[in-house]
Structure formats: C-alpha cells, structure tokens
Amino acid sequence: MADKWVLTVTAQTPTNIAVIKYWGKRNECLILPINDIISVTLDPQHLCTTTSVTVSPAFTHDRMWLNGKGNVQPEAVLQTVSKTGKATSYWEATEEPATPESTTDETPAAAESLLKHQLHQN
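See below:
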C-alpha cells in the first residue's frame, strides 16, 4: 500500500566553539554584530551533532529523542526554534507525524576541555 512508506533524512554538523562572542547587534534587521567574533570549528569526525527526522503516514503521533533520551516534548523544542525565525517546521507544512532525533558526540564542557588541551599541545 502507498501509505506504508517511511522516509528518514539525516544531517551532520561540526561543533563550533565561540572563543570571543559578540556583545549584541548593531543592526537588528540585518543581524549585524557590534564586534567581531573568534570561533573554532572542531573536526566533525571527532565531535559533531547528528540530527535525523523520520516521517511516515503510519506514525500516529510525534515523538522526539535528544541525546538518546526519549519523551522530549517536540512542541517546546519547536517553539524555541520558531522564535528564531530561521526555520520552518515540518509540522507546519504537513499533517504527517514525524520523529526527530538529535545527538551530540560530547558535551560542550568536554569539547572546551578538548580544545584547551589541543591548544596547549601546539
């Protein structure tokens, strides 16, 4: 039957650590920072975030996992994302329930510790 399909899309991004962060925006409309920033992007083979979304008409409700833990409330996450105005929710575009899952290889503190260790070695 045609409605028994399952589709999964996965994206992977490297970890980025801001060493010097910006202190606000000089232009809100253009999203221009007041000052420059310095950041370090780590090798995605060692530290990365992987996000997958699985959709199917056979799903009866939305479910979400974050760092391997289920029962995350997708509505709360989507509210936060939609506040940025930079993403269109799959849930707003279709009636199909979806199952997003996101994992990060290491915690931010571990990433900062690794970065400090690597900087001291060089």
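Numbering-wise, the sequence shown is residues 1 to 122 according to UniProt numbering. Just so you know, even glycine gets a beta-carbon here, dropped at the ideal spot from N, CA and C. Given the structure is predicted, the values throughout are model-derived calculations rather than measurements.
Which first and last residues belong to the beta strand (DSSP E) in which residue i is found?
i   : result
S52 : 48–55
I17 : 16–20
R26 : 25–27
I38 : 38–41
Let's test the definition: count the other Cβ atoms within 10 Å of the Cβ of residue i and tell me whether it reaches 16, buried, or not, exposed.
i   : result
L47 : buried
T88 : Only weak support exists for where T88 lies, its pLDDT of 49 falling under 50; the coordinates are left without a value.
T60 : exposed
K86 : Bear in mind that the predicted position of K86 carries a pLDDT of just 48, short of 50, making it too unreliable to give a figure here.
C29 : exposed
Judging by CA-CA distance, which residue of the options is the nearest neighbour of residue i?
i           : options            : result
I17         : T41, K69, D62      : T41
E75         : R63, P57, P14      : R63
residue 189 : P14, V19, Q79, W23 : The structure shown does not extend to residue 189, since the chain is modelled only from 1 through 122, so no value can be given for it.
I37         : G68, A58, G70, V19 : V19
Taking a contact to mean a Cβ-Cβ separation below 8 Å, would you say residue i touches residue j in this structure?
i   : j   : result
I34 : K21 : no
S56 : W5  : yes
Validate contact between the segment 39–53 and the segment 2–15 using beta carbons, cut 8 Å, 3 pairs: yes
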